[in-house]
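*Asks:*
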Amino acid sequence: MGSTAAHCSRSLVVGLWKQGLWQDSALAWVGEQERIDLALPASLVERWGARQTLGLWGHDNQPSPKPAAAAAKHGRGRLRVIAGSRAYPGAGRLALEGASASGIGWLEGALPPEQAQQLWQVLPHVLLQGRQDPLDRLDAVAFGPGLGLGPEPGDKGLPEALQGFSGLLLLDADGLNRLANQGASGPWLRGRQGPTWITPHRAEFNRLFPALTGLPPLEAAAGAAAEGGAWVLLKGAHTVIASPSGRRWQLLESSPWAARAGLGDVLAGYAAGLGALGLAAGLGPHDPALGELLALAALRHGLAGRQCAARGEGAANPLAVAQQLAKLEICKK
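The sequence shown begins at 121 in my numbering and counts up by one.
(1) Is it the case that the Cβ atoms of Ala396 and Asp259 are separated by a distance below 8 Å?
(2) Which residues does DSSP list as the beta-bridge partners of Phe263?
(3) Quick check: Leu231 and Gly204, are their CB atoms within less than 8 Å of each other?
(4) Below 8 Å between beta carbons: does that hold for Gly389 and Ala236?
(5) Out of Val242, Gln241, Val201, Leu239, which has the shortest C-alpha to C-alpha gap to Ile224?
(6) If we ignore side chains and look at the alpha-carbon of each, how far apart do Gly284 and Arg312 end up?
(7) CA-CA distance, Ala192 and Pro279?
(8) Just mark Leu454 as buried or exposed, buried being the case when its beta carbon has 16 or more other beta carbons within 10 Å.
(9) Could you check where the beta strand (DSSP E) with Gly393 kicks off and where it finishes?
(10) Can you name the residues that DSSP bridges to Glu228?
(11) Taking just the CA atoms, how far does Gly366 sit from Glu433?
(12) When DSSP labels each residue in this structure, what does Val134 get in the three-state scheme?
(13) Below 8 Å on the Cβ atoms is my contact criterion, and I expect Leu335 with Gly348 to pass it. Report the Cβ-Cβ distance as a whole number of Å.
(14) What distance in whole Å lies between the Cβ atoms of Pro320 and Ala346, which are believed to be in contact at a cut-off of 8 Å?
(15) Counting along the chain, where does the alpha helix (DSSP H) carrying Glu217 start and finish?
(16) If you draw a straight line from the C-alpha of Ala379 to the C-alpha of Leu328, how long is it?
(17) Taking C-alpha atoms, which residue in Asp407, Ala293, Ser131, Thr316 lies nearest to Ile156?
(18) Look up Glu152 in the DSSP assignment and say whether it is helix, strand or coil.
(19) Candidates Leu372, Pro315, Gly356, Leu383: which alpha carbon is nearest Pro405's?
(20) Provide the residue(s) that pair with Gln370 in DSSP beta bridges, ordered along the chain.
(21) Got a sec? Which residues, its chain only, sit under 8 Å from His127 by beta carbon, not counting five neighbours each side?
(22) Let me check one thing: in DSSP terms, what residues is Thr316 bridge-paired to?
(23) Take Arg322 as the anchor and find which of Leu394, Ser184, Lys186, Ala357 has the nearest alpha-carbon.
(24) As a quick exercise: from Leu289, Asp144, Gln241, Leu416, pick the residue whose alpha carbon is nearest that of Asp256.
(25) Can you tell me which of the three DSSP states Trp351 falls into?
(26) With a threshold of 6 Å on Cβ separation, who are the neighbours of Ala340 within its own chain once the five nearest residues in sequence on each side are excluded?
(27) Quick one: what's got a C-beta closer than 6 Å to Gly197's C-beta in the same chain, skipping five residues either side?
(28) Does the beta-carbon of Trp64 have 16 or more other beta-carbons within 10 angstroms, so that it is buried, or is it exposed?
(29) Could you check the C-alpha separation between Gln302 and Val134 for me, to the nearest Å?
(30) Quick check on DSSP: helix, strand or coil for Asn297?
(31) Roughly how many whole angstroms lie between the Cα atoms of Leu299 and Ser305?
(32) Work out the CA separation of Gly122 and Asp292 for me, nearest whole Å.
(33) Just to confirm the assignment, what range does the alpha helix (DSSP H) spanning Pro187 have?
(34) What separation, rounded to the nearest whole angstrom, lies between the Cα atoms of His194 and Leu387?
(35) Among the candidates Leu394, Ala424, Thr124, whose CA atom is the shortest distance from the CA of Val261?
Structure, rendered in structure tokens:
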């Protein structure tokens with residue numbers, strides 16, 4: 121049609137889903153998609169190899185990591201959330217709400233003093249810690265939601281203790297901006313002693329990996345994961361998750377009404393909580409099944425947002441999504 125393209129209300133897809141139709145830049149053109157099944161044998165599909173993208177649907181029924189039957193609170197994951205600042209006073213609470221929804225057994229918060237003093241009124245189970253306190257007893261650390269970049273030189277980079285921490289490190293928001301300020305993001309990530317998950321939106325991603333700026337999300341996330349040896353969750357309408365081994369996942373269901381400030385903080389806490397649970401349940405730090413919990417967190421976060429949005433255009437606020445995450449049936453199996 122020359123320089124004009126049709127805006128479809130419905131697209132029929134023959135055989136297998138087409139990657140291009142699920143990308144954010146295509147969503148306004150393809151409308152609702154329906155697949156026409158050709159009953160292709162699994163053996164044929166598997167020949168295309170491990171680098172093919174796996175689609176994540178909200179009806180997928182994947183269980184949470186299962187702690188030992190006799191596990192006490194310390195045996196069900198120990199997480200510290202380092203978050204919040206004067207500019208973003210609610211980010212710490214939202215990340216802790218997300219972490220609480222994961223079912224984690226031991227949860228610590230390292231927040232600014234004025235916010236920490238009030239936390240007991242809304243999250244009395246969270247233990248308050250200092251931002252410089254030792255990390256050695258923890259399974260995971262979530263660093264960055266709403267942290268800000270303070271006036272001191274030390275507030276513009278990452279603490280040295282994070283690189284030597286042997287547990288799971290999730291970097292989000294200003295944790296990623298601090299990493300970008302240091303330059304050479306790939307070498308820093310590769311020098312980590314434990315597994316690392318990063319959860320950037322596209323602007324943060326471009327600051328971290330300027331050489332990958334022009335690539336579409338699937339290729340960009342895979343390139344960053346290979347460069348840094350970290351798991352990458354690149355946020356978007358259809359979020360992409362990439363592993364250092366080349367495996368990729370993409371969220372295929374979401375709601376534009378769930379694109380709101382603060383939802384990334386909830387996701388960071390929830391994902392870090394699932395990761396801590398996985399380590400406590402016996403998954404090794406470099407076990408691919410541990411990293412796949414990041415994809416599971418994205419799937420559930422998207423599902424909770426869609427379920428909240430179905431109740432009304434304003435219903436998918438961050439606290440509501442965190443509360444919905446705690447009630448998802450798939451979290452109980």
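Every residue, glycine too, gets a C-beta built ideally from N, C-alpha and C.
*Replies:* Working from what's here:
(1) Yes, the pair counts as a contact, with Cβ atoms nearer than the cut-off.
(2) Bridge partners of Phe263 according to DSSP: Ile202, Leu291.
(3) Contact: yes.
(4) Not in contact: Gly389 and Ala236 (Cβ atoms no closer than 8 Å).
(5) The residue from Val242, Gln241, Val201, Leu239 with its alpha-carbon nearest to that of Ile224 is Val201.
(6) Whole-angstrom Cα-Cα distance: 6 Å.
(7) CA-CA distance, Ala192 to Pro279, rounds to 31 Å.
(8) For the chain, the structure presents residues 121 to 453; residue 454 sits outside this window and is missing.
(9) Not the beta strand (DSSP E): Gly393 falls in the alpha helix (DSSP H), residues 383–400.
(10) BP columns for Glu228 point to Arg200, Leu247.
(11) For Glu433 and Gly366, the distance between alpha carbons rounds to 37 Å.
(12) Three-state DSSP puts Val134 in a strand.
(13) The C-beta separation of Leu335 from Gly348 comes to about 15 Å, leaving the pair out of contact by the 8 Å criterion.
(14) About 16 Å separates the two Cβ atoms, so there is no contact after all.
(15) Bounds of the alpha helix (DSSP H) holding Glu217 are 211–221.
(16) The alpha-carbon atoms of Ala379 and Leu328 are separated by roughly 22 Å.
(17) Considering only alpha carbons, the answer is Ser131.
(18) Three-state DSSP puts Glu152 in a strand.
(19) Residue Pro315 is the option with its Cα nearest to Pro405.
(20) In the DSSP output, where bridge partners are listed per residue, Gln370 has Gly175, Val360.
(21) Result list for His127: Ala148, Trp149, Gly151, in chain order.
(22) Leu289.
(23) It is Ala357 whose Cα lies nearest to the Cα of Arg322.
(24) The candidate whose alpha carbon is nearest that of Asp256 is Leu289.
(25) When DSSP states are grouped into helix, strand and coil, Trp351 belongs to the strand group.
(26) Taken in chain order, the residues that qualify are Leu332.
(27) By the criterion of a C-beta distance shorter than 6 Å, Gly197 is surrounded in its chain by Ile224, Gly225, Asp259, Ala396, Leu397, Ala400, once the five residues flanking it on both sides are discounted.
(28) No statement about residue 64 is possible, as the shown extent of the chain runs from 121 to 453 and does not include it.
(29) Answer to the nearest angstrom: the Cα atoms are 47 Å apart.
(30) Note: Asn297 maps to helix in three-state DSSP.
(31) Distance from the CA atom of Leu299 to the CA atom of Ser305, rounded to whole angstroms, is 6 Å.
(32) Cα to Cα, Asp292 sits roughly 43 Å from Gly122.
(33) Per DSSP, Pro187 belongs to no alpha helix (DSSP H) and is neither H nor E.
(34) One C-alpha to the other measures close to 22 Å.
(35) Distances from the alpha-carbon of Val261 to those of Leu394, Ala424, Thr124 put Leu394 closest.
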